[in-house]
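Here is the structure we will look at.
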Amino acid sequence: MLQSISSYSFQAMAHLDFPRRYFDSWEIPEKTINSILELMIKKEILLEINTSSISNDCTEPLPSYNIIKKYIELGGKKVVLGSDAHNCSFLGNGYDCIRKNLPLELEIGYFANSGSSDHAFR
248 MLQSISSYSF QAMAHLDFPR RYFDSWEIPE KTINSILELM IKKEILLEIN
298 TSSISNDCTE PLPSYNIIKK YIELGGKKVV LGSDAHNCSF LGNGYDCIRK
348 NLPLELEIGY FANSGSSDHA FR
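Each residue of the sequence shown is one higher than the last, beginning at 248 in the working numbering.
Structure follows, in structure tokens:
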């Protein structure tokens, strides 16, 4: 992830701790996650908070609330929500549950004008 963030230009980082969805005890070492989040913040790459884990009896989004808290502590503020809806029945799955548990200092937005070169966060 660090190499991708360093080498490429993109707007949001998704699936930061995706393996946790399948392995309950999987964690990113704190030094590594700090490096990833610091570089994301420096390059103004937004954190995607994904709710797909809610459908798998998980009570936390991906990334976990601990990583979201660290993102805020390091200066991150803007996030986008995703649900990995591969069909319409999962569109927005878990948003209400996750939204009410997110820290208030986060700015949840979306990208507008996705068909043009102007992909402004709103």
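We put the CB at the ideal spot given by N, CA and C, even for glycine. All figures in this text were calculated on a predicted structure; none of them were measured in a lab.
Could you check whether the region 340 to 354 touches the region 274 to 292, counting it as contact only if at least three pairs of C-beta atoms, one from each stretch, sit closer than 8 Å?
Short answer: they don't touch.
Identify, in the order they occur along the chain, each residue of the same chain with its Cβ nearer than 6 Å to the Cβ of E320, setting aside the five sequence neighbours on each side.
For the purposes of this step, residue 320 is identified with residue 73 of the sequence shown, where counting begins at 1. Once the five neighbours on either side are set aside, E320 has no close Cβ partner at all.
Would you kindly check if the distance between the Cβ of S300 and the Cβ of E291 is under 8 Å?
Residue 291 sits at position 44 when you count from the first residue of the sequence shown. Residue 300 sits at position 53 when you count from the first residue of the sequence shown. No. Outside cutoff.
Which residue's Cα is closest to the Cα of P266: D331, L309, P276?
For this step, residue 266 is matched to residue 19 along the sequence shown. The residue with the shortest Cα to Cα distance from P266 is L309.
The beta strand (DSSP E) that contains K325, what's its start and end?
The residue given as residue 325 occupies position 78 in the sequence shown. 325 to 329 is the extent of the beta strand (DSSP E) around K325.
Within the continuous beta strand (DSSP E) that includes L293, where are the two ends?
To locate residue 293, count along the sequence shown from 1; it is residue 46. Segment 293 to 297, the beta strand (DSSP E) holding L293.
Nearest to Q258 by alpha carbon, out of D264, L353, S330, L294?
The sequence position of residue 258 within the sequence shown is 11, counting from 1. Q258 has its Cα closest to that of L294, out of D264, L353, S330, L294.
Measure the C-alpha to C-alpha separation of L249 and C344 and round it to an integer number of angstroms.
Stepping through the sequence shown from its first residue, residue 249 is reached at position 2. Stepping through the sequence shown from its first residue, residue 344 is reached at position 97. So the alpha carbons of these two residues sit roughly 30 Å apart.
Please classify L263: is it buried, with 16 or more other beta-carbons within 10 angstroms of its beta-carbon, or exposed?
Position 16 of the sequence shown, counted from the start, is the residue given in the question as residue 263. Its Cβ being crowded by 16 or more others within 10 Å, L263 is buried.
I'd like to know whether the C-beta atoms of I288 and I315 end up nearer to each other than 8 Å.
Position 41 of the sequence shown, counting from 1, holds the residue named residue 288. Position 68 of the sequence shown, counting from 1, holds the residue named residue 315. No, the Cβ-Cβ distance between I288 and I315 is not below 8 Å.
Reducing DSSP to helix, strand and coil, say where M287 ends up.
Within the sequence shown, numbered from 1, the residue matching residue 287 stands at position 40. The answer is helix: DSSP assigns M287 an H, G or I state.
Hey, out of R346, L286, E277, whose CA is closest to S254's CA?
Position 7 of the sequence shown, counting from 1, holds the residue named residue 254. Answer by Cα proximity: L286.
Do the CB positions of S330 and T298 come within less than 8 Å of each other?
Translated into positions along the sequence shown, residue 330 becomes position 83. Translated into positions along the sequence shown, residue 298 becomes position 51. Their beta carbons are under 8 Å apart, which means S330 touches T298 by this criterion.
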